[in-house]
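S.K.: Line order of the protein sequences matches chains V and R.
Residue numbers 5 to 138, in the numbering used here, belong to the letters of the first sequence in order.
Residue numbers 212 to 458, in the numbering used here, belong to the letters of the second sequence in order.
First the structure, then my questions, so here it is.
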Amino acid sequence: MVHEWALAESIAMYVARVSKGRNVRRLVLSIGRLQSVDIEIFDFALKELLNEGNVVVDELKYLNEEILLKCRKCGFEWSPSLESLGSEVSECIHFIPEVIHSYITCPKCNSRDYDLLSGRGVKVVEVVLEEGGQ
Amino acid sequence: MDPRLLVISKRMEGVKAVVPAMSPKGGVGKTLIASSLALAFAERGRKVGLLDLDVTNASSHIVLGADLNESKPLEEKGVVPPLINGVKFMTICYYSGGNPLPLRGGDVDEAIKEVLATVIWSQLDLLLIDTPPGISDEVLDVVNYISEPRPLIVTTPSKLSIASIEKLLRVLSENGVKALGVVENMVVSEESAIKDLAGKYGVELIGRIPYDPFIEKSIGDVRILKSTSFFSKVSSLADKVLVKLGL
């Protein structure tokens, strides 16, 4: 089982913590494209871990989040294509998304000083508990 | 809260002691001491890990003589660091590919959380952490995210370094972190200033390592490193660390 398992573990622990034994009616996660998470594997791992923790989730939804970078030097915003970097580099970014700064510079001014505005990794968007708690 | 923070204690549950090498001043020998200590513990048959948290300028792999193209972490329900010269070794350089990695503080914090949440250390007697100079994200993240770290404060006899470690000792004290000890590196003469300062914060001066003019030539070759007087002193320090930690 791959790195996705470790990512799923954090989410499973978080959901267990906020649900406090209550059933979860809906769990919405955002998956940033930068980390190239294999959603099928992640989904399998998360369901296994939730099951192990006796956390019941009625509906589990994934939203894809596009990558958006903004240069701190010239203000340019862009969405890089990971495919153009090749699978080896994408794999590196998969493990630690911040290493994108090692491989991509601003297309306008060539700076590596840019912010990752969106699309980094896995985030919890919404946890809706039974009895209307959130 | 960031979900990754919840899993960090689980990743560290098999680690008996976490010892970060810290110093606000650069060039005092943190990387050499942390890496050499790791090698010394491995020589003693201890299960030891070394995490290079100098995110934007990692260099422990150079001291360990590691070929990062040959040795890569494995994926097994997370990231399993390879064993290099007997040391379970993790660095961001596996992924940055020898390229520059200039990062703002927020990105450094993100990278550290990712590493702490996904690296599987399993059972270790000690996990050494190499930190960069300064009292910034790396130091604060170790203090905030890791349970009961025992920092080893590294300084030279320079007044500039001594003034800096006092600030670090204060920050650690304010956060309830008990330093394991202070190590004086590149010693050229007997002075009491560092011992006195450490004592003021209830911390012991646990090592004095004389300046070794030959150390530079040993960097990158572990066999030569282990033959230096520097390594011999670090080995003595390793024994003292084990006693202090009750290991």
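C-beta: ideal position from N, C-alpha, C; glycine also.
Pick helix, strand or coil for residue 446(R), following the three-state DSSP scheme.
M.R.: Helix at residue 446(R).
S.K.: Let me see if you follow: with CB-CB separation under 9 Å, is residue 310(R) close to chain V or not?
M.R.: Yes, residue 310(R) counts as interfacial toward chain V.
S.K.: Which class does residue 82(V) belong to by DSSP, given the choice of helix, strand or coil?
M.R.: DSSP places residue 82(V) in strand when its eight states are reduced to three.
S.K.: Please classify residue 55(V): does DSSP put it in a helix, a strand, or coil?
M.R.: It is helical.
S.K.: Near residue 97(V), what residues of its chain come up, given a Cβ to Cβ distance below 8 Å and the 5 sequence neighbours on each side ignored?
M.R.: Counting only Cβ-Cβ distances below 8 Å, and skipping sequence neighbours, we find 38, 39, 40, 86, 89, 103, 104 and 107.
S.K.: Going by C-alpha distance, which of 299(R), 297(R), 298(R) and 320(R) is nearest residue 101(V)?
M.R.: The shortest Cα separation from residue 101(V) among 299(R), 297(R), 298(R) and 320(R) belongs to 320(R).
S.K.: Since residue 96(V) is in the alpha helix (DSSP H), which residue starts that stretch and which ends it?
M.R.: Start and end: 91 to 99.
S.K.: What residues from chain R crowd round residue 131(V), counting only those whose CB sits closer than 7 Å?
M.R.: Result: empty, since nearest Cβ-Cβ is about 11 Å, beyond 7 Å.
S.K.: Show which residues of chain V have a CB atom less than 8 Å away from the CB atom of residue 329(R).
M.R.: Correct list: 7, 10, 11 and 99.
S.K.: If we count Cβ pairs, one from each stretch, closer than 8 Å, do we get three or more for the stretch 279 to 289 of chain R versus the stretch 350 to 370 of chain R?
M.R.: As far as the Cβ criterion goes, the stretch 279 to 289 of chain R does not touch the stretch 350 to 370 of chain R, which means the pair count is below three.
S.K.: Give me whichever residues DSSP pairs with residue 418(R) in a beta bridge.
M.R.: DSSP lists 394(R) as partners of residue 418(R).
S.K.: Who does residue 263(R) pair with in a DSSP beta bridge?
M.R.: In DSSP, residue 263(R) forms a bridge with 302(R) and 341(R).
S.K.: Can you say whether residue 99(V) is buried or exposed, counting buried as having 16 or more other CB atoms within 10 angstroms of its CB?
M.R.: Residue 99(V) should be labelled buried.
S.K.: So what does DSSP say about residue 412(R), is it helix, strand or coil?
M.R.: Here residue 412(R) sits in coil by DSSP.
S.K.: Counting only C-beta atoms, is residue 120(V) closer than 9 Å to chain R at any point?
M.R.: Taking Cβ atoms only, chain R reaches closer than 9 Å to residue 120(V), which makes this a yes.
S.K.: In chain A, which residues lie less than 7 Å from residue 289(R) when you measure between Cβ atoms?
M.R.: In the displayed structure, chain A is absent; the protein chains listed are V and R.
S.K.: Cβ closer than 8 Å: which chain R residues qualify as neighbours of residue 45(V)?
M.R.: Result: empty, since nearest Cβ-Cβ is about 11 Å, beyond 8 Å.
S.K.: Do three or more CB pairs link the stretch 245 to 256 of chain R to the stretch 310 to 325 of chain R at distances below 8 Å?
M.R.: The stretch 245 to 256 of chain R vs the stretch 310 to 325 of chain R: no contact.
S.K.: Measuring straight from C-alpha to C-alpha, what distance separates residue 234(R) and residue 262(R)?
M.R.: For residue 234(R) and residue 262(R), the distance between alpha carbons rounds to 16 Å.
S.K.: Against residue 91(V), what residues of chain R qualify as contacts under a CB-to-CB distance less than 8 Å, listed in chain order?
M.R.: None at all; the shortest Cβ gap to chain R is about 13 Å.
S.K.: Assign residue 378(R) to one of two classes, buried (16 or more other C-beta atoms within 10 Å of its C-beta) or exposed (fewer than that).
M.R.: By the 10 Å Cβ count, residue 378(R) comes out exposed.
S.K.: Is there at least one Cβ from chain V nearer than 9 Å to residue 456(R)'s Cβ?
M.R.: False, the Cβ-Cβ gap to chain V never drops below 9 Å.
S.K.: Taking residue 387(R) as the reference, give the member of 335(R), 258(R), 395(R) and 361(R) with the closest Cα.
M.R.: It is 361(R) whose Cα lies nearest to the Cα of residue 387(R).
S.K.: On a Cα-Cα basis, can you pick out the residue from 309(R), 286(R) and 297(R) that is closest to residue 269(R)?
M.R.: Nearest C-alpha to residue 269(R): 309(R).
S.K.: Under 8 Å by Cβ, that's how I've got residue 122(V) and residue 71(V) pegged, so tell me the actual separation to the nearest angstrom.
M.R.: With 8 Å as the limit, residue 122(V) and residue 71(V) qualify as a contact, their Cβ atoms being about 7 Å apart.
S.K.: Please report the distance separating the alpha-carbon of residue 418(R) from that of residue 213(R).
M.R.: Going from the Cα of residue 418(R) to the Cα of residue 213(R) covers about 38 Å.
S.K.: Whole angstroms are fine: how far does the CA of residue 415(R) sit from the CA of residue 384(R)?
M.R.: Roughly 14 Å separates the two Cα atoms.
S.K.: Can you list, in chain order, the residues of its chain with a C-beta nearer than 6 Å to that of residue 409(R)? Leave out the 5 residues immediately preceding and following it.
M.R.: Excluding sequence neighbours, residue 409(R) sits near 393 and 416.
S.K.: Between residue 113(V) and chain R, is there a C-beta pair that is closer than 9 Å?
M.R.: No, no contact with chain R.
S.K.: Quick check: the stretch 10 to 24 of chain V against the stretch 51 to 60 of chain V, are there 3 or more CB pairs under 8 Å?
M.R.: Taking 8 Å as the limit for Cβ pairs, the verdict is that the stretch 51 to 60 of chain V does touch the stretch 10 to 24 of chain V.
S.K.: Quick one: is residue 62(V) near chain R, going by C-beta distance under 9 Å?
M.R.: It does not; no Cβ of chain R falls within 9 Å.
S.K.: For a test of the three-state rule: what should DSSP assign to residue 366(R), helix, strand or coil?
M.R.: If DSSP states are grouped into helix, strand and coil, residue 366(R) belongs with the strands.
S.K.: Within the continuous alpha helix (DSSP H) that includes residue 15(V), where are the two ends?
M.R.: Residue 15(V) -> alpha helix (DSSP H) spans 8 to 23.
S.K.: Decide if the stretch 296 to 305 of chain R is in contact with the stretch 112 to 120 of chain V; the criterion is three or more beta carbon pairs, one per stretch, under 8 Å apart.
M.R.: Flag = no, the stretch 296 to 305 of chain R and the stretch 112 to 120 of chain V do not touch.
S.K.: Along the alpha helix (DSSP H) that carries residue 232(R), what are the first and last residues, could you check?
M.R.: Here residue 232(R) belongs to no alpha helix (DSSP H); instead the beta strand (DSSP E) covers 226 to 233.
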